[in-house]
Amino acid sequence: MKKHIFLLLLSILTIDVLAQNIIPKPVEIKSTAGNFAITAATTIGANNTESRKIAQMFTDKLKQAAGFNPKVQKTGAIQFTINATPNTTIGDEGYTLESSAAGVKVAANKPAGLFYGLQSLLQLLPKEIESKAAVKGVKWSVPGVKVLDYPRFGWRGLMLDVSRHFFSKDDVKRYIDNMVRYKFNTLHWHLTDDNGWRIEIKSLPKLTEVGAWRVARDGRFGDRKEPQEGEPTPYGGFYTQEDIKEIVKYADERGVTIVPEVDIPGHSMAAIAAYPELSCTKDPKTKVNPGTNFAEWFGDGKFKMFIDNTLNPSDEKVYEFLDKVFTEIAVLFPNKYIHAGGDECYKGFWENDPGCQVLMKKMGMKHVEELQGYFMKRVESILAAKGKKLLGWDEILEGGISPTATVMSWRGVKGGIEAAKMKHDVVMTPSTFAYLDYNQGEATIDPPIYASLRLSKTYSFEPVPDEVDAKYILGGQGNLWTEQIPTIRYAEYMTYPRAWALSDIYWSPKGSKDWNNFTKRMEDHFDRADVAEMGYSKAVYDAIVKASMKDGKLMAELASELADIDIYYTMDDTMPDNFSTKYTQPFEVPDAQITLRIATYRNGKPIGHLITLKREDLKKRAGQ
Ligand code: ACM
Numbered sequence: 001m002k003k004h005i006f007l008l009l010l011s012i013l014t015i016d017v018l019a020q021n022i023i024p025k026p027v028e029i030k031s032t033a034g035n036f037a038i039t040a041a042t043t044i045g046a047n048n049t050e051s052r053k054i055a056q057m058f059t060d061k062l063k064q065a066a067g068f069n070p071k072v073q074k075t076g077a078i079q080f081t082i083n084a085t086p087n088t089t090i091g092d093e094g095y096t097l098e099s100s101a102a103g104v105k106v107a108a109n110k111p112a113g114l115f116y117g118l119q120s121l122l123q124l125l126p127k128e129i130e131s132k133a134a135v136k137g138v139k140w141s142v143p144g145v146k147v148l149d150y151p152r153f154g155w156r157g158l159m160l161d162v163s164r165h166f167f168s169k170d171d172v173k174r175y176i177d178n179m180v181r182y183k184f185n186t187l188h189w190h191l192t193d194d195n196g197w198r199i200e201i202k203s204l205p206k207l208t209e210v211g212a213w214r215v216a217r218d219g220r221f222g223d224r225k226e227p228q229e230g231e232p233t234p235y236g237g238f239y240t241q242e243d244i245k246e247i248v249k250y251a252d253e254r255g256v257t258i259v260p261e262v263d264i265p266g267h268s269m270a271a272i273a274a275y276p277e278l279s280c281t282k283d284p285k286t287k288v289n290p291g292t293n294f295a296e297w298f299g300d301g302k303f304k305m306f307i308d309n310t311l312n313p314s315d316e317k318v319y320e321f322l323d324k325v326f327t328e329i330a331v332l333f334p335n336k337y338i339h340a341g342g343d344e345c346y347k348g349f350w351e352n353d354p355g356c357q358v359l360m361k362k363m364g365m366k367h368v369e370e371l372q373g374y375f376m377k378r379v380e381s382i383l384a385a386k387g388k389k390l391l392g393w394d395e396i397l398e399g400g401i402s403p404t405a406t407v408m409s410w411r412g413v414k415g416g417i418e419a420a421k422m423k424h425d426v427v428m429t430p431s432t433f434a435y436l437d438y439n440q441g442e443a444t445i446d447p448p449i450y451a452s453l454r455l456s457k458t459y460s461f462e463p464v465p466d467e468v469d470a471k472y473i474l475g476g477q478g479n480l481w482t483e484q485i486p487t488i489r490y491a492e493y494m495t496y497p498r499a500w501a502l503s504d505i506y507w508s509p510k511g512s513k514d515w516n517n518f519t520k521r522m523e524d525h526f527d528r529a530d531v532a533e534m535g536y537s538k539a540v541y542d543a544i545v546k547a548s549m550k551d552g553k554l555m556a557e558l559a560s561e562l563a564d565i566d567i568y569y570t571m572d573d574t575m576p577d578n579f580s581t582k583y584t585q586p587f588e589v590p591d592a593q594i595t596l597r598i599a600t601y602r603n604g605k606p607i608g609h610l611i612t613l614k615r616e617d618l619k620k621r622a623g624q
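Heads up, the final residue of the sequence shown is numbered 624 in full-length UniProt numbering, and it's a clean run with no missing numbers.
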């Protein structure tokens with residue numbers, strides 16, 4: 001009897017834990033008595049055409065993972081409902097979910113909300129629901145819960161850069177599949193840059209015939225060999241307009257808006273390789289860049305380009321070109337925004353161009369920066385003529401900005417603050433919290449990149465700065481630049497778990513943050529991602545290693561992002577284990593040929609990666 005009570009308690013507790021592991025964290029979730037067991041005989045109901053589509057997505061999952069094949073009928077034990085009378089609390093993307101021994105009810109005002117209710121229901125089920133093949137021996141049990149849920153922000157995005165590396169149509173769909181599990185609703189698609197033009201423009205065929213392809217190169221992006229004259233260009237790819245329509249439809253069916261980006265007037269080397277006359281220098285030898293060292297960075301965001309990658313703002317033909325591009329793009333993407341870039345535009349070639357000088361004089365401009373303001377305003381009126389709104393990186397604030405532009409704040413939040421104070425809508429994507437290309441753990445073992453952003457820092461992000469009116473902050477994104485990222489699996493590794501943190505930040509109520517609770521949910525989702533065959537990083541388990549000089553001595557300081565991790569180290573060339581020195585406080589690394597080796601454990605079991613640092617590495621880290 002005692003054993004039975006114990007087992008009952010254990011099963012309630014386990015189910016309760018499952019119920020509390022939803023990402024993003026719901027507004028309200030209460031565990032209730034009982035649970036609902038799904039079997040082959042369970043009926044699935046949907047009250048109209050829209051809810052039937054979502055119910056069908058659920059049965060597709062059940063068929064794949066459990067081998068059940070229920071038909072969707074009008075009413076069922078698991079019922080999907082579009083509310084006849086709207087629930088005024090939950091808006092268009094919110095939902096309610098109730099489960100008990102009697103059944104499961106998911107309801108929403110709109111399909112988007114019902115779709116998110118479905119995502120939460122899937123997360124309440126055992127992780128095997130994510131399996132691509134039928135799994136035997138699983139108890140398909142939904143714990144008893146009462147959920148009321150709706151998002152904090154309407155813009156919850158991820159940006160995928162497909163220029164630096166091309167990602168196939170299936171890769172993009174897979175990226176969408178994963179983002180919607182976490183209730184992201186916006187895919188910002190960075191379609192053009194120096195390294196590839198990825199969207200077919202029928203009236204400008206060379207954009208993809210030439211601009212989508214580059215020479216094959218290995219090695220680190222930014223250090224690669226220059227393309228040679230006449231060298232074949234096998235690497236790349238592009239989306240035909242049919243591909244774009246297919247992906248836009250696929251996204252729409254999952255509640256995702258796609259915002260296309262054409263990055264101008266800088267970052268345009270691929271377009272210039274196709275049509276050299278678009279730049280001031282008109283160099284016919286311009287090539288789609290394979291990742292060479294084409295700029296010198298001065299450390300304060302200022303830089304000099306060695307190759308001209310800017311469109312000429314003084315040439316009317318450039319605006320005719322852009323009109324053609326945006327005419328075709330505007331009809332492919334039904335949403336109201338087009339992102340026209342505006343970031344990191346080097347003005348040195350404009351400064352020396354006679355046409356730009358004449359234009360500046362005519363317009364009474366004193367600084368070359370003002371040419372960018374002129375250019376973006378011209379772009380904005382081209383977009384407006386096609387019924388679209390201009391969205392741009394925060395540099396569009398420089399050189400004057402029209403009142404209707406929306407600003408994406410990436411150089412920290414200061415551009416966003418400035419823009420919101422000027423009553424512009426803002427999307428927050430600060431590199432300091434939301435750049436998913438930055439490495440997320442120890443620099444010597446994580447993929448090499450120039451900056452670091454740990455999960456805990458991402459999780460600490462608050463998108464609405466105190467000094468602005470919250471109504472101007474539409475929401476935020478995580479941005480995945482792909483210079484160093486050639487595959488979708490690697491893209492996932494960089495995206496998750498940081499995008500789970502962002503999912504909480506952009507969806508869950510302000511004030512609901514709790515790091516320990518988040519990491520507990522994250523670990524459950526590591527297991528779910530394994531079943532879903534989705535990539536993610538476990539850098540959160542690795543030690544954080546800092547070095548400093550104190551009284552002429554080299555000191556090492558170790559830490560973990562997680563509270564229950566033990567750190568062990570050696571300096572005697574042996575491999576560390578949980579019988580080595582346990583880290584408790586900063587220690588001296590003696591002045592000798594020493595290698596510091598660090599391992600992490602939890603409950604006596606190894607968990608992170610081994611970190612190996614020579615004294616010389618630590619000295620460099622200490623700024624010596
Ligand atoms: C950017 O990261 N250049 C927007």
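In this text, a Cβ means the ideal position worked out from N, Cα and C, and glycines have one as well.
Paired residues, beta bridge with residue i - DSSP
i    : result
H188 : M159 and V259
Q79  : G45 and K105
W350 : None, per the DSSP bridge assignment.
D193 : G196
T612 : R597
D149 : Y95
L62  : BP columns for L62 are empty, so no partner.
Span separating the alpha-carbon of residue i from that of residue j
i    : j    : result
V510 : Y459 : According to the sequence provided, residue 510 is Lys. The question's Val does not apply to it. Answer to the nearest angstrom: the Cα atoms are 12 Å apart.
E226 : N289 : 8 Å
C356 : R164 : 29 Å
G604 : M549 : 32 Å
A212 : I607 : 42 Å
I201 : T240 : 8 Å
V210 : Y275 : 9 Å
M575 : L562 : 23 Å
Q64  : V531 : 13 Å
G392 : L121 : 36 Å
Y175 : D161 : 12 Å
K421 : V468 : 6 Å
V180 : Q228 : 42 Å
D194 : A270 : 5 Å
L158 : I54  : 23 Å
R214 : F167 : 15 Å
D343 : V427 : 15 Å
DSSP-derived helix/strand/coil call for residue i
i    : result
A559 : strand
F326 : helix
I567 : strand
R521 : helix
P111 : helix
L7   : Confidence in L7 is poor, its pLDDT being 48 and thus under 50, which makes the residue's placement unreliable; the coordinate value appears in the next sentence. In this structure, L7 counts as helix in the three-state DSSP scheme.
P606 : strand
N178 : helix
W140 : coil
V318 : helix
A340 : strand
Residue i, buried or exposed, once every other Cβ within 10 Å from all chains shown has been counted against 16
i    : result
D283 : exposed
H367 : exposed
V331 : exposed
G236 : buried
W297 : exposed
Y450 : exposed
L7   : Below a pLDDT of 50, predicted positions are generally treated as unreliable, and L7, at 48, falls in that range; the measurement from the model is reported next regardless. With fewer than 16 other Cβ atoms within 10 Å, it is exposed.
Check whether residue i and residue j have beta carbons under 7 Å apart
i    : j    : result
L204 : R198 : no
I44  : G67  : no
S409 : G416 : yes
P111 : E50  : yes
M522 : P486 : no
F115 : G299 : no
L596 : L613 : yes
T519 : Q477 : no
L397 : L390 : no
T281 : F349 : yes
H525 : I38  : no
V318 : L359 : no
K386 : F321 : no
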